[in-house]
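For reference, the structure discussed in these notes is given below.
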Amino acid sequence: MIRNYLLVAVKVLWRRKFFTFISLFGISFTLLVLTVATSFLDHTFGPHAPELKQDRMLGVYTVRLTSDDGSFQMTDKPGYKFLNEYVRTIPSAEKVSIFSDFTSTATYRKGEEVKLYIRRTDGEYWEILDFEFLEGRPITREDEQKANFVAVINEATREKLFNGESAMGKSITMEGQNFNIIGVVKNAPIIRMTPFSDVWVPLSTFKTSGYKETFTGGFMAAILAKSEQDLDLIRSDFKANLTKVQLPDPKKFPRILTGADTYFESFARNLEGGADDPRTGTLISILVLLAVMFIILPTINLVNINISRIMERASEIGVRKAFGASSLTLVGQFIVENILLTIIGGLLGFILSSLVLSYINNTGWIPYAQFGLNYRIFIYAFLMMIIFGIISGVYPAWRMSRLHPVEALKGGMK
Amino acid sequence: MIQLENIEKVYRTDTLETVALSGINLSIRKGEFVSIMGPSGSGKSTLLNIIGLLDVATGGKVSLNEKVVSSHKDRDLANLRNRELGFIFQKFHLINDLRAIDNVEIPLLYRNMSYKERRKMAEEALEKVGLISRTSHFPSQLSGGQQQRVAIARAIVGKPKILLADEPTGNLDSQMSDEIMNILKELNQQEQTTVIMVTHDKRMADMTDRIIRIFDGRQVA
Chain U
1 MIRNYLLVAV
11 KVLWRRKFFT
21 FISLFGISFT
31 LLVLTVATSF
41 LDHTFGPHAP
51 ELKQDRMLGV
61 YTVRLTSDDG
71 SFQMTDKPGY
81 KFLNEYVRTI
91 PSAEKVSIFS
101 DFTSTATYRK
111 GEEVKLYIRR
121 TDGEYWEILD
131 FEFLEGRPIT
141 REDEQKANFV
151 AVINEATREK
161 LFNGESAMGK
171 SITMEGQNFN
181 IIGVVKNAPI
191 IRMTPFSDVW
201 VPLSTFKTSG
211 YKETFTGGFM
221 AAILAKSEQD
231 LDLIRSDFKA
241 NLTKVQLPDP
251 KKFPRILTGA
261 DTYFESFARN
271 LEGGADDPRT
281 GTLISILVLL
291 AVMFIILPTI
301 NLVNINISRI
311 MERASEIGVR
321 KAFGASSLTL
331 VGQFIVENIL
341 LTIIGGLLGF
351 ILSSLVLSYI
361 NNTGWIPYAQ
371 FGLNYRIFIY
381 AFLMMIIFGI
391 ISGVYPAWRM
401 SRLHPVEALK
411 GGMK
Chain Y
1 MIQLENIEKV
11 YRTDTLETVA
21 LSGINLSIRK
31 GEFVSIMGPS
41 GSGKSTLLNI
51 IGLLDVATGG
61 KVSLNEKVVS
71 SHKDRDLANL
81 RNRELGFIFQ
91 KFHLINDLRA
101 IDNVEIPLLY
111 RNMSYKERRK
121 MAEEALEKVG
131 LISRTSHFPS
141 QLSGGQQQRV
151 AIARAIVGKP
161 KILLADEPTG
171 NLDSQMSDEI
181 MNILKELNQQ
191 EQTTVIMVTH
201 DKRMADMTDR
211 IIRIFDGRQV
221 A
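Chains as they are written, first to last, in full-length UniProt numbering: chain U, 1 to 414; chain Y, 1 to 221.
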């Protein structure tokens, strides 16, 4: 049965090459965009090195100070002082790391400027994240306490500064400070807020200790829980700490809105009304809606093509009905055909996606991005294709199956 | 075997009512070879389609094997067409994308049968119509007479008790028409298949056991 369907399907697809091309183009292009978007999301939110413990990691990425009625607001990265007093002290956390946001700086190599991003961290940062070391060691708590002028650089920086040769024992000068290079790690892409940088040095190497007094600006915290179950406990501990916060300007900004978030939640927190409570559901809905909107246009297009395709086969429908096919059986046949078409289009789209992704990786639009296709993306994309195939096949098949056998045999449309 | 009681078929549009058939009473016994004759537009094809459950009468009752079938649901009608009936059309209605043998096996697709069984029965049917050497040909590679023989093979492959033929020789020359008539006669005589044939060709009608004449939607003899 399936064999007979597929024989006809292949013949029909082949006979109407132009329709087939349009359909395949629509399907594979849709899948291309969806796959690239999924890959982007996966790359941003999925568990990739060095954030392998993501399932038990939270972060404090932003604080928002507001007036009572919310008419005055200030949103910024947290400051060191705030994080040190109210995040470092969360009792249920296994480890807390405070580190600066990455900032751009430069070093000189043979008189030429090399632009770099620098981030200052504590020792815990390297314990929470699982950086892969190509050589050397991470910055330790001791380095931070003693304000050792040591630096970890990434692979790309080693390439730029030392032509990829070992950087151990060499040094790097930035903003008049000289650091001994103690380690080299693999690149982390810029879209990963916590691990990304080119150079990492201890917090205590700041030129002044003024950073220790800042309430807002320039820092972030990562919190590691003992287990996934502890995440909620950490959230409520942090909330409790927030009630004790001494605000820098309680007259102007009597309220503080922040929270311990997963990376995904931190995006949701930035949505309208999300400051108090991250609107994760809203963010997911927006993403799903975007995907649906993107799928719906090519679906309508495919539905149209399918209708004309099926209607020109009225005689076949009539014959099959005359010889005992029920409407339901015919709907099944046309859905099988459509799924075949979408699977071919899907595979094409997948090949296209991998080409486009490797092109994006190579151009360096997004520093150190290594977009790839993994089984997660493949499964999502494949499911989307099957749904796409069924949706775009059902309506035309249903219209067709209502065709009366006599009219169908006359080749008539009604 | 087939019983029609007071069959009426009216096509209605907003402004117009066209009576295609009215007051048809008919009884066809098992093993009969019946022809339906009449000028074009007289309603003879409509009548055949109603007998063949391809069309629904607007009034009256159709019974098959003593069971009223005019009120059956889609799935039951499909099953009856599949098991009891075989159709032959004037325009052959072969699926051009399929080889002869794949065309012939179509009715068997809607039964629970293995690929092997289907192939075997399809080959037997093609053998009966003398086309065993053409199993892998596509309809476009066959002459009109051969195409109609493939269509007959498709109609008889499921061993239906009733064959319905709508001007089966209408698109063929007289020599080929005779060949087709001989096949139908043989099926009727050797397998006791009931054959109902629509024709406007007196010569063909004369070769059948009984002639039903339709004029202006009414039975005249």
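From the three backbone atoms N, C-alpha and C, an ideal C-beta is built for every residue, glycine too.
None of the values given here were measured: they were computed from a predicted structure.
Per-residue burial, residue i [other beta carbons within 10 Å of its own, 16 or more giving buried]
i	result
F87/Y	buried
V10/U	exposed
M74/U	exposed
S197/U	buried
E132/U	exposed
G389/U	buried
V68/Y	exposed
Y115/Y	exposed
N188/Y	buried
E165/U	exposed
A240/U	exposed
M293/U	exposed
G26/U	buried
Cutoff 7 Å: residue i Cβ touching any chain U Cβ
i	result
Y110/Y	yes
H200/Y	no
F87/Y	yes
P160/Y	no
D55/Y	yes
N65/Y	no
E8/Y	no
Min CB distance residue i to chain Y below 7 Å
i	result
S315/U	yes
M413/U	For M413/U, the predicted model reports a pLDDT of 45, less than 50, meaning its position is unreliable; a value from the coordinates is still stated below. Not closer than 7 Å to any Cβ of chain Y, the Cβ of M413/U fails to qualify, so no.
N361/U	no
A322/U	yes
N4/U	yes
P47/U	no
P405/U	yes
V336/U	no
Interface partners of residue i on chain U, CB under 8 Å
i	result
L131/Y	The contacting residues do not exist; L131/Y stays about 18 Å from chain U at best.
L21/Y	Chain U residues near L21/Y: none, gap ~13 Å exceeds 8 Å.
N171/Y	By Cβ distance, chain U contributes nothing, its closest Cβ being about 14 Å from N171/Y, past 8 Å.
Terminal residues of the alpha helix (DSSP H) in which residue i lies
i	result
S266/U	Y263 to R269
W200/U	Careful: W200/U lies outside any alpha helix (DSSP H), inside the beta strand (DSSP E) at V199 to P202.
I2/Y	No alpha helix (DSSP H) contains I2/Y, which is instead part of the beta strand (DSSP E) from I2 to R12.
V198/Y	V198/Y -> not in any alpha helix (DSSP H); beta strand (DSSP E) instead, spanning T194 to T199.
Y359/U	S327 to T363
E159/U	E155 to F162
V150/Y	G144 to I156
A167/U	Taken as a continuous stretch (DSSP letters only), A167/U belongs to no alpha helix (DSSP H), as it is neither H nor E.
I95/Y	Note, I95/Y: premise wrong, no alpha helix (DSSP H); not H, not E.
Residue i, enclosing beta strand (DSSP E) - first and last residue
i	result
Q73/U	Q73 to D76
A291/U	Not the beta strand (DSSP E): A291/U falls in the alpha helix (DSSP H), residues T280 to M311.
A125/Y	Premise fails: A125/Y lies in the alpha helix (DSSP H), Y115 to K128, not in any beta strand (DSSP E).
K61/Y	G59 to L64
V96/U	A93 to S100
D166/Y	I162 to D166
G183/U	Q177 to V185
Residue i: contacting residues in chain U (beta-carbon distance under 9 Å)
i	result
D216/Y	Per Cβ cutoff of 9 Å: no residues; D216/Y is ~20 Å from chain U at best.
Cross-chain neighbours of residue i in chain Y, by beta carbon under 7 Å
i	result
A325/U	A78 and Y110
Which listed residue (the options) has its alpha carbon closest to that of residue i
i	options	result
K251/U	V184/U, T282/U, V394/U and L65/U	L65/U
L98/Y	S308/U, I172/U, N4/U and M168/U	N4/U
S308/U	S392/U, V114/U and L287/U	S392/U
T342/U	L242/U, R15/U, N362/U and F29/U	F29/U
G111/U	L161/U, G389/U and S326/U	L161/U
L352/U	T121/U, I2/U, V33/U and L6/U	V33/U
T208/Y	I196/Y, Q219/Y and F215/Y	I196/Y
F138/Y	T199/Y, D102/Y and A205/Y	D102/Y
Residues that residue i contacts on chain Y, provided the C-beta gap is smaller than 8 Å
i	result
K11/U	D97 and L98
Neighbour list for residue i in chain Y, Cβ cutoff strictly below 9 Å
i	result
V319/U	F87, F89, H93, L94, I95, N103, I106 and R154
V303/U	Per Cβ cutoff of 9 Å: no residues; V303/U is ~23 Å from chain Y at best.
V8/U	I95, D97, L98 and D102
L340/U	Within chain Y, no residue comes near L340/U; the closest Cβ sits about 14 Å away, beyond 9 Å.
Residues that residue i contacts on chain U, provided the C-beta gap is smaller than 7 Å
i	result
D74/Y	S326 and S327
R81/Y	A322, F323 and G324
N49/Y	V406
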